[in-house]
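Residue numbers (our numbering): 12 to 343.
Backbone N, C-alpha and C define an ideal beta-carbon position, used for all residues, glycine too.
Structure first, then comments.
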Amino acid sequence: MTKVRVAVLDDYQNLALELADWAPVRRQADVVVFDRHLSEDEAVDALRDFDAICLTRERMALPGSLLERLPRLKFIAVTGPHNRTLDFAAADRLGITVSCTQRSAKGQFATAELAWGLILALARNLPAEAAGMKEGHWQRSVGIALAGKTLGLIGLGRLGSHMVPIARAFGMDVIAWSQNLTDDKAAAAGARRVDKDVLFRDSDFVSLHLVLSERSRHIVGAADIAAMKPSAFLVNTARGPLIEHAALLKALQERRIAGAALDTFDVEPLPADDALRKLDNVILTPHLGYTVRELLQPFYEATVENLLAWQAGSPLRVLSAAQPHLAGKVVQ
12 MTKVRVAVLD
22 DYQNLALELA
32 DWAPVRRQAD
42 VVVFDRHLSE
52 DEAVDALRDF
62 DAICLTRERM
72 ALPGSLLERL
82 PRLKFIAVTG
92 PHNRTLDFAA
102 ADRLGITVSC
112 TQRSAKGQFA
122 TAELAWGLIL
132 ALARNLPAEA
142 AGMKEGHWQR
152 SVGIALAGKT
162 LGLIGLGRLG
172 SHMVPIARAF
182 GMDVIAWSQN
192 LTDDKAAAAG
202 ARRVDKDVLF
212 RDSDFVSLHL
222 VLSERSRHIV
232 GAADIAAMKP
242 SAFLVNTARG
252 PLIEHAALLK
262 ALQERRIAGA
272 ALDTFDVEPL
282 PADDALRKLD
292 NVILTPHLGY
302 TVRELLQPFY
312 EATVENLLAW
322 QAGSPLRVLS
332 AAQPHLAGKV
342 VQ
């Protein structure tokens with residue numbers, strides 16, 4: 012009898028097998044970890060003999076064009092309560108079961124924490140100064156203080172709201188905008204709702220905290236970036252396509268804004284020859300927002316649980332085209 016084969020994809024740091032006990036799975040299946048990203052064509056060759064695939068968030072897209080070329084695939088484990096890069100309709104049609112994990116309370120604000128790290132890095136030019144110290148230099152730039160500055164939040168949900176008390180602790184004014192934000196909701200979070208054009212005009216730092224959808228794609232466009240102060244910074248730890256890439260690139264190249272810090276991109280991993288990599292007024296991080304042990308460990312532990320349940324014939328937390336999101340409780 013052919014043994015079940017399980018692929019763990021995009022485990023860049025080789026942490027999956029360390030953060031969870033895979034022994035029960037491995038007694039019944041061969042588990043293979045891929046520590047580099049695969050293109051769609053590479054994935055067809057690499058994954059054609061696997062019965063199950065384990066994803067780490069949305070690092071690997073699974074469109075119908077890929078699923079249709081994986082004849083043995085019967086199960087997909089996704090981390091988090093939803094996945095926007097998986098073609099659920101194709102999975103349903105091909106008889107592929109999809110199980111997800113619940114949102115973990117551990118490390119749930121990790122992305123907001125990174126946003127603050129990037130804001131501070133921009134304000135004090137930390138990457139260049141730290142690199143200069145290793146090169147033998149001393150104090151080559153002058154930073155700015157956060158006290159008295161204005162933070163503009165695009166999105167005031169779970170993560171956006173978490174930004175507010177920290178900004179207040181720094182002595183910053185906080186303004187916010189999103190398509191559905193009301194004055195009362197903003198005030199309840201400790202911010203002040205303003206129109207979108209006012210936010211871009213008045214903010215010293217603009218930080219994005221929106222979910223990507225067709226409604227929010229390119230919600231930050233050329234006109235918004237043009238309205239920013241020459242001294243202002245843009246921070247994106249949410250999703251790359253929220254920003255019109257070409258407009259931001261042009262503004263940074265022409266130094267029409269002071270700079271940007273980006274953790275997410277239209278194409279991930281960011282291509283080695285991307286023009287953003289050549290700019291000295293942008294801080295780039297490789298989608299680090301959620302990559303903390305406190306989040307990854309419960310993700311992989313639940314992935315093991317999902318694999319065992321599927322192997323036993325009783326899959327847990329099943330997603331489908333009819334229900335592409337799990338509205339379950341938060342795991343402590």
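Asked, Found
"Using the Cβ count rule (16 or more neighbours within 10 Å means buried), how would you classify LYS160?", "buried"
"On the DSSP letters alone, give me the boundaries of the alpha helix (DSSP H) that ALA54 sits inside.", "51–58"
"At 4 residues or longer, what runs of the alpha helix (DSSP H) sit wholly inside the region 200–262?", "207–213 and 233–238"
"From which residue to which residue does the alpha helix (DSSP H) around SER172 run?", "169–180"
"Three-state secondary structure (DSSP) at SER115?", "strand"
"Thinking C-beta only, is ALA134 closer than 7 Å to GLY154?", "yes"
"Compute the beta-carbon to beta-carbon distance between LEU167 and ALA123, rounded to the nearest angstrom, for a pair I have assumed lies under 8 Å.", "No, LEU167 and ALA123 are not in contact; Cβ-Cβ is about 12 Å, not under 8 Å."
"Considering only the beta carbon of each residue, do PHE61 and ARG16 sit closer than 7 Å?", "yes"
"Starting from the C-beta of GLY182, find all residues in its chain whose C-beta is less than 8 Å away, skip the five residues before and the five after it, and write them out in chain order.", "LEU157, ALA158 and GLY159"
"Quick check on the burial criterion: 16 or more other C-beta atoms within 10 angstroms. Buried or exposed for GLN322?", "buried"
"Would you mind giving the Cβ-Cβ distance between LEU319 and LEU330, rounded to the nearest angstrom? I have them listed as a contact below 8 Å.", "Actually they do not touch by this definition, with Cβ atoms about 18 Å apart."
"With a cut-off of 8 Å, do at least 3 Cβ pairs link the region 264–272 to the region 51–58?", "no"
"Determine contact between the region 105–112 and the region 75–85, defined as no fewer than three beta-carbon pairs at a distance below 8 Å.", "yes"
"Expressed to the nearest angstrom, what Euclidean distance is found between the alpha-carbon atoms of PRO326 and LEU221?", "31 Å"
"From PHE99 to LEU162, what does the alpha carbon distance come to, in whole angstroms?", "38 Å"
"Leaving aside the five residues before and after PRO82 along the sequence, list all residues of the same chain whose C-beta is less than 8 Å from its C-beta, in chain order.", "ARG59"
"If you follow the alpha helix (DSSP H) that ILE294 is part of, which residue opens it and which one closes it?", "ILE294 -> not in any alpha helix (DSSP H); beta strand (DSSP E) instead, spanning 293–295."
"Which term fits ARG47, buried or exposed, when burial requires 16 or more other beta carbons within 10 angstroms of its beta carbon?", "exposed"
"ASP195 to LEU164, Cα distance in whole Å?", "16 Å"
"Do VAL36 and LEU129 have their CB atoms nearer than 7 Å?", "no"
"Starting from the C-beta of SER242, find all residues in its chain whose C-beta is less than 6 Å away, skip the five residues before and the five after it, and write them out in chain order.", "ALA269"
"Counting Cβ pairs, one atom from each stretch, are 3 or more of them under 8 Å apart for the region 272–283 and the region 301–308?", "no"
"Compare the beta carbon distance of TRP33 and VAL342 with 7 Å and say whether it is the shorter of the two.", "no"
"Look up ASP274 in the DSSP assignment and say whether it is helix, strand or coil.", "coil"
"Does the Cβ-Cβ distance between ALA72 and PHE86 come in under 7 Å?", "no"
"State the Cα-Cα distance for the pair THR90 and CYS65, rounded to the nearest angstrom.", "8 Å"
"Around the Cβ of ASP52, are there at least 16 other Cβ atoms within 10 angstroms (buried) or fewer (exposed)?", "exposed"
"Among ILE186, ALA31 and ILE177, which residue has its Cα nearest to the Cα of ASP213?", "ILE186"
"Out of curiosity, what's the CA-to-CA distance linking VAL217 and LEU137?", "19 Å"
"Give, in chain order, every unbroken run of the alpha helix (DSSP H) that is at least 4 residues long and sits entirely within the region 18–104.", "27–30, 34–37, 51–58, 75–78 and 99–104"
"My output table needs one value for ALA321: the three-state DSSP class, helix, strand or coil.", "The amino acid occupying residue 321 in the given sequence is Trp; Ala does not appear at that position. Helix, per DSSP."
"Put ILE155 into one of helix, strand or coil per three-state DSSP.", "coil"
"Roughly how many whole angstroms lie between the Cα atoms of ASP21 and VAL43?", "11 Å"
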